[in-house]
Amino acid sequence: MYKLQKNIPIPSRAKTKQARTSKYPFAAMKVNMSFLVPKEEANGDIDKLMTRISAAAHSARKALNFKFALRKMPEGVRVWRTQ
């Protein structure tokens, strides 16, 4: 059986989670703005770059309630804010 106790203070956490900052400027974007991530950031592997940016855009969409469109371009991946 477990003993019930009252008035025991909760100790503070040793480490608190800090909000992660995005490498990409999603929060600063207005509708119809875009930015280009050069393919050199993934050593020329455009598919790997697209996957990484898509995941970041998905997180930003949930956090900011924005919508984004991503397209592969010859020079890299371009991201537009659509809503």
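Count along the sequence shown from 1, then add 1371; that gives the number in our numbering.
Positions of the beta carbon are idealized from the N, C-alpha and C atoms, including for glycine.
Which whole-angstrom value describes the C-beta separation of residue 1426 and residue 1393, a residue pair presumed to lie in contact below a C-beta threshold of 8 Å?
Mapped onto the sequence shown, residue 1426 falls at position 55. Mapped onto the sequence shown, residue 1393 falls at position 22. Actually they do not touch by this definition, with Cβ atoms about 11 Å apart.
Under the assumption that residue 1442 contacts residue 1402 (Cβ atoms under 8 Å), give the Cβ distance between them as a whole number of angstroms.
What you label residue 1442 is simply residue 71 of the sequence shown in a count that begins at 1. What you label residue 1402 is simply residue 31 of the sequence shown in a count that begins at 1. 17 Å between Cβ atoms; not a contact.
Identify whether residue 1405 lies in helix, strand or coil by the three-state DSSP scheme.
On the sequence shown, position 34 is the one that residue 1405 refers to. Residue 1405: strand per DSSP, three-state reduction.
Considering only the alpha carbon of each residue, which of 1373, 1444, 1433 and 1439 lies closest to residue 1409?
Within the sequence shown, numbered from 1, the residue matching residue 1409 stands at position 38. Minimum Cα distance to residue 1409 is reached at 1444.
Could you tell me the distance, in whole angstroms, from the CA atom of residue 1416 to the CA atom of residue 1450?
As a position in the sequence shown, residue 1416 is number 45, starting the count at 1. As a position in the sequence shown, residue 1450 is number 79, starting the count at 1. Cα-Cα distance, rounded: 17 Å.
Determine the direct distance from the alpha carbon of residue 1421 to that of residue 1437, and round the result to whole angstroms.
On the sequence shown, position 66 is the one that residue 1437 refers to. On the sequence shown, position 50 is the one that residue 1421 refers to. Straight-line Cα distance between these residues: approximately 18 Å.
7 Å CB neighbourhood of residue 1412 in its chain, flanking five on each side removed
In the sequence shown, the residue the question calls residue 1412 occupies position 41. The answer, listed in chain order, is 1420.
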